[in-house]
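Report on one structure; see the data block that follows.
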Amino acid sequence: MQLDFGSPFTERTGRIVQAAKLHRAAARKKVNRFLVEGENSVDAAIATGAATDVFVTEPAAERFADLLVAAGHMGVYVHPITDGAARALADTVTPTGIFAVCTPVTWGIGRVLQGKPRLVTVPVGTNDPGNAGTLIRVSDAVGADAVVFAGQCVDPQGPKAVRASAGSLFHIPVAREADARGLIGQLRARGLQVLATAADGEMNLDHAGELLARPTAWLFGNEAHGLEPELLDLADHRVRIPIRARAESLNLATAASICLYESAKALYSQL
C-alpha cells in the first residue's frame, strides 16, 4: 500500500485529537470506540474486523507493510501520521508508530454464556488494567471460553489493558457484569461449578484434579482485598494454591494463570 507522507496528519489534526481522547473512559463511552497500539493488537483488530481506521508513521509503514495490505483488503482507512502525532496517540514511552481505532468488542453476558461453556474466567473488582489484560491473554492461551469482569472493574478496552492482552482481547469473548452475585446464578444455570481462590481454601489445588475436570467458572478477587466473604460463601468450593517455600502470596495474574492452566489440563485431557 502506497501512502502519501508529504502531508501526514499531525498532533493538531482533528482526527488525531479525537483519537487521542480515547485514552479516557468517558470519551470511549461517548463515541463507542477505543484505541489500540502496537503490532499484535492492530493485527488482531484488522483481522477480526474491529478496526475502522489505522494511523501509521513512515518508519512503521515500512516495518508493518503486511498489516497495511491486510487493512486495505478489509476496507480499513489507513492514515499517514507524523512522529508528533504518534506521541499524542501513544500510551507507551517509545511508540511503535502504528495505531487503530476500533469498534467495541465486549459482549453481552447472555451471548458469552450461550452454548455449553467449559471454562470461564471471572475477575471480580479488578482495578489494575495490566492484570485485566493479562487475565484475558492467559484465558485465551489456555482455551477458556470467556472472560467476564464482574463488579466494579477496570475497562478491559482501556489502553493499558488492551496492550497487556497482546491481541487476545480480539480472540476471546469478553464481557462485563456489574452484579457479581447475579452472575454466579447465571453461571450455575449454564452448568458451571463456581470455584473461588482463597488462601485458606478447603480444597488444595494439588488434589483438585477430579473437581477441575468439570465445567468451571473461576472467581478471582481484586489485587488488594481478594474476594468478599459473601462471594466466597456463594462459591461451590474455595481452592488454595499451595505455597511450599517462604513467599507470602501470589499476585492476581500469577494465581489465576496457575488455576486456569490446571483447569484446562484437566478438561482437555478428556478430549
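Taking my numbering, the leading residue of the sequence shown gets 998, the next gets one more, and so forth. Where is the CB? At the ideal position from N, CA and C, for every residue including glycine.
Residue i, DSSP secondary structure in three states
i, result
"residue 1007", "coil"
"residue 1173", "strand"
"residue 1217", "strand"
"residue 1193", "strand"
"residue 1212", "coil"
"residue 1061", "coil"
Residue i classed as buried or exposed, judged by whether at least 16 other C-beta atoms fall within 10 angstroms
i, result
"residue 1061", "buried"
"residue 1218", "buried"
"residue 1174", "buried"
"residue 1059", "exposed"
"residue 1042", "buried"
"residue 1196", "exposed"
"residue 1154", "buried"
Paired residues, beta bridge with residue i - DSSP
i, result
"residue 1107", "Bridge partners of residue 1107: none, in fact."
"residue 1091", "Per DSSP, none; premise fails for residue 1091."
"residue 1143", "1117"
"residue 1200", "1236"
"residue 1048", "1099"
Whole-angstrom distance between residue j and residue i, CA atom to CA atom
i, j, result
"residue 1203", "residue 1144", "24 Å"
"residue 1040", "residue 1088", "18 Å"
"residue 1093", "residue 1199", "47 Å"
"residue 1029", "residue 1228", "32 Å"
"residue 1045", "residue 1243", "45 Å"
"residue 1066", "residue 1073", "10 Å"
"residue 1216", "residue 1121", "7 Å"
"residue 1156", "residue 1221", "22 Å"
"residue 1246", "residue 1256", "14 Å"
"residue 1038", "residue 1194", "30 Å"
Beta-carbon contacts of residue i that lie in its chain and below 6 Å, excluding the five residues immediately before and after
i, result
"residue 1106", "1172, 1174"
"residue 1002", "1055, 1077"
Close beta carbons around residue i, own chain, < 7 Å, minus the five adjacent residues each side
i, result
"residue 1000", "1058, 1075, 1077"
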